[in-house]
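Residue numbers (our numbering): 4 to 184.
Now the structure itself:
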């Protein structure tokens, strides 16, 4: 009888510790995968018909939510947009000043740009590859059969940085979905 009580007690303690660990893990992951600037992300994801999780995943991987970051290639802000691209998209949106250092503007332009890429390729992975490496490269890879238009073999992307970028963003998107859905 004492043995059964000990086993039951150990089982109950194990369940409680497991519950605490799983909840603690989620708290830690939410710190690593925050939803900063959610008012802008939600507004523009809705406006441009994108899942908010992909936008958060892009921001997480591009800037880790640092609105003041710039790359050595000249990409600016949260969604790491090149000024030329920012100006082109801003013109389509009738924005007179594409201030990519402004969080709201950067998210609006970056989300609009990604939505255009998604419409062009009708595939998240190819749109992400184009966001990172440019449409010219993705079009060339598809034309040469390196990757297919369905995007189901993006592991063949020849640019290592782009290959890893697509994988990281997709993984981040899945984490956002599991944490916040």
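Just so you know, even glycine gets a beta-carbon here, dropped at the ideal spot from N, CA and C.
Beta carbon of residue 195 nearer than 8 Å to that of residue 154: Residue 195 lies beyond the stretch modelled for the chain, which goes from 4 to 184, so this question has no answer here.
Residue 84 in three-state terms, based on DSSP: In this structure, residue 84 counts as strand in the three-state DSSP scheme.
Range of the contiguous alpha helix (DSSP H) that encloses residue 120: Annotation for residue 120: the continuous alpha helix (DSSP H) segment containing it runs 106-124.
Residue 165 versus residue 71: straight-line alpha-carbon distance, rounded: Here the C-alpha atom of residue 165 lies approximately 23 Å from the C-alpha atom of residue 71.
Nearest to residue 50 (by Cα), restricted to the options 144, 113, 65: Relative to residue 50, the option among 144, 113, 65 whose CA is nearest is 113.
Where residue 172 falls, given that 16 or more other Cβ within 10 Å makes a residue buried: Its Cβ being crowded by 16 or more others within 10 Å, residue 172 is buried.
For residue 41, three-class secondary structure by DSSP: Helix, per DSSP.
Assigned exposure category for residue 65 - 16 Cβ within 10 Å defines buried: Looking at its Cβ environment, which holds 16 or more other Cβ atoms inside 10 Å, residue 65 is buried.
Span separating the alpha-carbon of residue 141 from that of residue 183: Going by the C-alpha atoms only, they are around 31 Å apart.
Among 111, 46, 59, 162, the one whose alpha carbon lies nearest that of residue 133: Residue 162 is the option with its Cα nearest to residue 133.
For residue 39 and residue 68, believed in contact at Cβ under 8 Å, the rounded distance: Rounded, the Cβ-Cβ distance is 5 Å, consistent with contact.
Pair within 8 Å by beta-carbon distance, residue 104 and residue 52: It is not a contact, given that the beta carbons lie outside the stated cut-off.
Helix, strand or coil at residue 160 [DSSP, three-state]: Note: residue 160 maps to coil in three-state DSSP.
For residue 36, the nearest candidate out of 120, 60, 136, 168 (CA to CA): Comparing Cα-Cα distances from residue 36 to each of 120, 60, 136, 168, the minimum goes to 60.
Which listed residue (147, 151, 123, 148) has its alpha carbon closest to that of residue 138: Ranking 147, 151, 123, 148 by Cα distance to residue 138 puts 123 first.
Proximal residues to residue 58 (C-beta, below 6 Å), its chain only, five neighbours per side dropped: The beta carbon of residue 58 sits closer than 6 Å to the beta carbons of 44, 48, 114 from its chain, once the five residues preceding and following it are set aside; these are given in chain order.
Between the CA atoms of residue 156 and residue 5 - distance to the nearest angstrom: Across the structure, residue 5 and residue 156 are spaced so that their CA atoms are roughly 58 Å apart.
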